[in-house]
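Notes for the one structure printed next.
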Amino acid sequence: MTKAWKVVVSGIMVGSTLLAAPIQDAHAANGPNYQGNETIKNERLHSYEEMVNFLEQVEQRSQHMELEVYGQSVKERDLYLAKFIQDESNPTILFLTQQHGNETLTTEAALNVIKKLSSNGKPVREILDNVNVLIAPRLNVDGAEGDVNFSLEDYVSGTHTRYNANGVDLNRDHIDREQPETKALHENILQVYKPDYMIDLHHQGTQVTLGEDGPLVSGSILYPTNDQVPEDVLQGSKQLGSVLYGAIEAKGYGILSKYPGGTANTISRNGLANEYGISTLLFEMRGMADHYREDYVLGQKSNGKLIQQGVTGMMAVLESIADDSIYEADVSFWDDLTESYYQGE
Ligand SMILES: [Zn+2]
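Residues -20 to -1, 1 to 325 in mature numbering (1 follows the signal peptide of the UniProt record, and there is no 0) are what the sequence shown spells out, letter by letter.
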């Protein structure tokens, strides 16, 4: 996982003045993608080993956090759950990241949140006194290491893939649970800790726009869209989205769209809402660490902003559950939120 890729742009050199325009945009999360002549340095992201070391160090230092190994991947890597549980009668939220191994900045953001929650300040105490926080970073640990039973030869960087080691999309396995990663998530987290809320963090391609001809988006959100989802569960999902959207808009990190997602229960956003009554929210960030499609891959110039976007969203949601303001969140913004559009191919 230490492959640094110098991206070779065939033909013309792109001048720095041309590159400057999107970076100086007010919505700086919309930096150039890999095709914008960037170097991809995936070694700056936490490798599996670095992530485990980080989690173990935090556990040693923190009075609040307890680490649990809740299962193993196909390649027998341990799966870790960071738990901040002070009062079992408090509402519980689960942040799940990287079901898709090439969607990396979601985990970087989650590790950042873990670090924040392990500090001793008053704002953190107010959160942890009132909310139980579960963070399951990087469900697809094998895909994230590129340690899989198929070739990544066609990938831009050859370091990360969406699929698990068996070539299965884990976010289509929430009914059958045939893969050890999804089975462990359901049996050892969802059915044990019974979260009330879940935010599922992902990444999408780089060329997604707000509506057909709007600006590139820095992220997209969606509630469960299956019509079997109970009304109160759906309302909680829409409130999660309202809080997260409001916080990110206020900080000016980027532009969020409504994700045009389907209704299948095999996807966690729908399946978990139906099966367990969890209010779920999908949160998609812009661009991926690696893919066989070049227009999906993001260089690292936007990484800091995108990680911050994730942290801002997660912390705002925690604060709103802690002080009960989430129950007053206005969900009518969803009616006006523009769907995203993919200008690819
Ligand atoms: Zn994904």
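Where a beta carbon is used, it is the ideal one built from N, C-alpha and C, also for glycine.
Around the C-beta of residue i, are 16 or more other C-beta atoms found within 10 angstroms, so that it is buried, or is it exposed?
{"i": "Lys218", "result": "buried"}
{"i": "Tyr307", "result": "exposed"}
{"i": "Val49", "result": "exposed"}
{"i": "Asn250", "result": "buried"}
{"i": "Val54", "result": "buried"}
{"i": "Lys238", "result": "buried"}
{"i": "Glu133", "result": "exposed"}
{"i": "Glu56", "result": "exposed"}
{"i": "Asp316", "result": "exposed"}
{"i": "Val172", "result": "exposed"}
Compute the distance between the beta-carbons of residue i and residue j, then report whether it is under 8 Å.
{"i": "Leu97", "j": "Val104", "result": "yes"}
{"i": "Asn129", "j": "Gln66", "result": "no"}
{"i": "Phe263", "j": "Gly293", "result": "yes"}
{"i": "Leu298", "j": "Ile94", "result": "no"}
{"i": "Leu76", "j": "Ala116", "result": "yes"}
{"i": "Val223", "j": "Gly257", "result": "no"}
Given this structure, state the Cα-to-Cα distance separating residue i from residue j, to the nearest angstrom.
{"i": "His140", "j": "Val32", "result": "18 Å"}
{"i": "Thr205", "j": "Ser259", "result": "12 Å"}
{"i": "Asp176", "j": "Leu252", "result": "10 Å"}
{"i": "Asn120", "j": "Leu181", "result": "12 Å"}
{"i": "Leu202", "j": "Gln37", "result": "34 Å"}
{"i": "Asp304", "j": "Tyr60", "result": "29 Å"}
{"i": "Ala309", "j": "Tyr225", "result": "11 Å"}
{"i": "Ile155", "j": "Lys163", "result": "10 Å"}
{"i": "Glu39", "j": "Glu30", "result": "14 Å"}
{"i": "Asn283", "j": "Ile228", "result": "16 Å"}
{"i": "Glu319", "j": "Pro240", "result": "6 Å"}
For a test of your reading of the model: does the CB of residue i fall under 7 Å from any non-hydrogen atom of ligand 1? Yes or no.
{"i": "His154", "result": "no"}
{"i": "Glu83", "result": "yes"}
{"i": "Gln43", "result": "no"}
{"i": "Gln52", "result": "no"}
{"i": "His140", "result": "no"}
{"i": "Asn250", "result": "no"}
{"i": "Gln37", "result": "no"}
{"i": "Asn245", "result": "no"}
{"i": "His26", "result": "no"}
{"i": "His80", "result": "yes"}
{"i": "His271", "result": "no"}
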